[in-house]
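Note sheet for the following structure.
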Amino acid sequence: MSRVNERGRFALSAEPLNDYCDCLSHFATEVVERVDSTTVGISIEHVRQLVELGLIRAVDASSYDGPQFLKVQISPAGAVALVEWQATLRSLSSSGRLLSSLEKLLWLLVGAAISLSSQLLLS
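Each residue of the sequence shown is one higher than the one before, counting from 473 in the working numbering.
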């Protein structure tokens, strides 16, 4: 699923980033007592891969009934990955690019206003 890149950050290969980001977000707000194949909204395979990467902490209680994890919570590395992945998703979205352009334009206007006011004060 993911590997550590040259900067020591987690980078997804081919899997959809949004699914993993949603999974991490779910565990960022609370400790989930039990996750198994019947848990709605959470892919057990995503949980397994995130546990293997150390992005979430959980007790593996898998049995003959299937995979199961207990006391699932996000790890510090998972929190960092979540912030990075959310920023990546935001930058890839069209609204994120629009907001970024508007922010740059706003800073340009602020810089122009400061320059103009300093010139007026000096003259």
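Don't be surprised by glycine CBs; every beta carbon is placed ideally from N, CA and C.
Quick check on DSSP: helix, strand or coil for residue i?
| i | result |
| --- | --- |
| L577 | helix |
| G583 | helix |
| I439 | One cannot answer for residue 439 here, as it falls past the ends of the chain, which runs 473 to 595. |
| S595 | coil |
| E505 | strand |
| A530 | strand |
| S589 | helix |
| S572 | helix |
| S535 | strand |
Report the CB separation of residue i from residue j in whole angstroms; it is logged as a contact under 8 Å.
| i | j | result |
| --- | --- | --- |
| P539 | S567 | The pair is not a contact, with the Cβ atoms about 36 Å apart (cut-off 8 Å). |
| I516 | L496 | Incorrect: roughly 15 Å between the Cβ atoms, too far for contact. |
| C493 | L561 | 6 Å |
| D537 | H518 | The pair is not a contact, with the Cβ atoms about 19 Å apart (cut-off 8 Å). |
With a CB to CB cut of under 6 Å and the five nearest residues on each side skipped, what residues in its chain are close to residue i?
| i | result |
| --- | --- |
| V523 | A530 |
| L588 | none |
Quick one: what's got a C-beta closer than 8 Å to residue i's C-beta in the same chain, skipping five residues either side?
| i | result |
| --- | --- |
| H498 | V504, G513 and I514 |
| S572 | S563 |
Three-pair Cβ contact test at 8 Å for the segment 541–548 versus the segment 576–586: By the C-beta criterion, the segment 541–548 is judged not to be in contact with the segment 576–586, since fewer than 3 inter-stretch pairs fall below 8 Å.
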